[in-house]
Structures are given as structure tokens and as C-alpha cells.
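In the working numbering, the protein residues as written are 145 to 288.
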């Protein structure tokens, strides 16, 4: 049956999004954790909190990727949530001086702008793509 969402193939854009959420996110977490883990030995509460938040957000991205690959409608909602929290976290990291970062203060705002553009681009794709609506049964519009 050609209209069945389970038989419709995922586009390369959806595979790319799933790869970014499911692979690039955990790789970035591992790289950041390797830098922050030393601070935990000295009782650095901020590093521990940042690492815990990153683990939760990374888990959200991996859950979104798995749900998108399995063609569950909740995958689009999880992807929207993952994109939104990544922008909020990048804004907090750029704005708060006590959050550990390996970037210069001016580079933190570049990271925030790139993260925001990345999230807006994927959010727009998920909201306007006919294939996404066909596979997941979502409605047209930016708010899913």
C-alpha cells in the first residue's frame, strides 16, 4: 500500500537529521564530558550540573532520532523539543559566565548563532516538508 507510513522511505534529509541527533549529539557529549570530568573530582558543582543537563538533552536527541527512524509521530515532537532545548542551552552557555566553556566569550555568541540557525532550519524543514507530513501525519505549520 503506497500510502502506508511504514512503507514510505525516509529521505536523505531525514536520515541526516537522525544522524545529527543520534550520532553527532552523543559524540559532542563525549568530547565535552572528557573535558569536564576532571572538575568533578574537585567537587565542581557547575561542571556536574552542566554535564547532567547535557546528558539529558543528548538523550532527548537520541530518543527523537530513534522515533523518527521508526516512523513514530512523537519523533517530530521530540525533534522540535531537542532543537528548542539546544538553542536555550547555547543561549545560557553564551550568556552565563560561570558555565564552563572552552571558547572565548566572543566565540560563544557565534556558537549560539550557529546553533539557532541550525535549529530554525531543521524546524522549518520538519514543518514544511511534504514527505514529513506523509510519513508522520503532521499538519502544516511551524508549530507541528
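All residues carry an ideal CB built from backbone N, CA and C; glycine is no exception.
None of the values given here were measured: they were computed from a predicted structure.
Task: Three-way DSSP call (helix, strand, coil) for residue 216 in this model - done: Residue mapping note: residue 216 aligns to position 72 of the chain shown, counting from 1. DSSP, reduced to helix, strand and coil, places residue 216 outside both helices and strands of the structure shown, so it counts as coil.
- [ ] List the whole-angstrom C-beta distance separating residue 256 from residue 235, where the pair is believed to meet the contact cut-off of C-beta under 8 angstroms.
- [x] The sequence position of residue 256 within the chain shown is 112, counting from 1. The sequence position of residue 235 within the chain shown is 91, counting from 1. Right, the Cβ-Cβ distance comes to about 6 angstroms (below 8 angstroms), so this counts as a contact.
Task: Residues near residue 189 in its chain [Cβ-Cβ closer than 8 angstroms; skip 5 each side] - done: Here the question's residue 189 lines up with position 45 in the chain shown. Contacts found: none.
Task: residue 280, buried or exposed, once every other Cβ within 10 Å from all chains shown has been counted against 16 - done: What you label residue 280 is simply residue 136 of the chain shown in a count that begins at 1. With 16 or more Cβ atoms within 10 Å of its Cβ, residue 280 is classed as buried.
Task: For residue 201 and residue 229, the rounded distance between their alpha carbons - done: Taking the first residue of the chain shown as position 1, residue 229 is located at position 85. Taking the first residue of the chain shown as position 1, residue 201 is located at position 57. Distance between the alpha carbons of residue 229 and residue 201 is about 7 angstroms.
TODO: Work out the CA separation of residue 197 and residue 282 for me, nearest whole Å.
DONE: Working through the chain shown from its first residue, we reach residue 282 at position 138. Working through the chain shown from its first residue, we reach residue 197 at position 53. Each residue's Cα considered, the two are about 29 angstroms apart.
- [ ] May I ask which residues mark the beginning and end of the alpha helix (DSSP H) holding residue 160?
- [x] Position 16 of the chain shown, counted from the start, is the residue given in the question as residue 160. Boundaries of the alpha helix (DSSP H) harbouring residue 160: 156-163, taken from the DSSP string.
TODO: Report the rounded CA-to-CA distance for residue 214 versus residue 179, giving the unit in angstroms.
DONE: By 1-based counting over the chain shown, the position of residue 214 is 70. By 1-based counting over the chain shown, the position of residue 179 is 35. Each residue's alpha carbon lies about 34 angstroms from the other.
Open item on the list: Let me check understanding here. Comparing Cα to Cα, which of 174, 231 and 269 lies closest to residue 258?
Closed with: Position 114 of the chain shown, counted from the start, is the residue given in the question as residue 258. The option with the nearest alpha carbon to residue 258 is 231.
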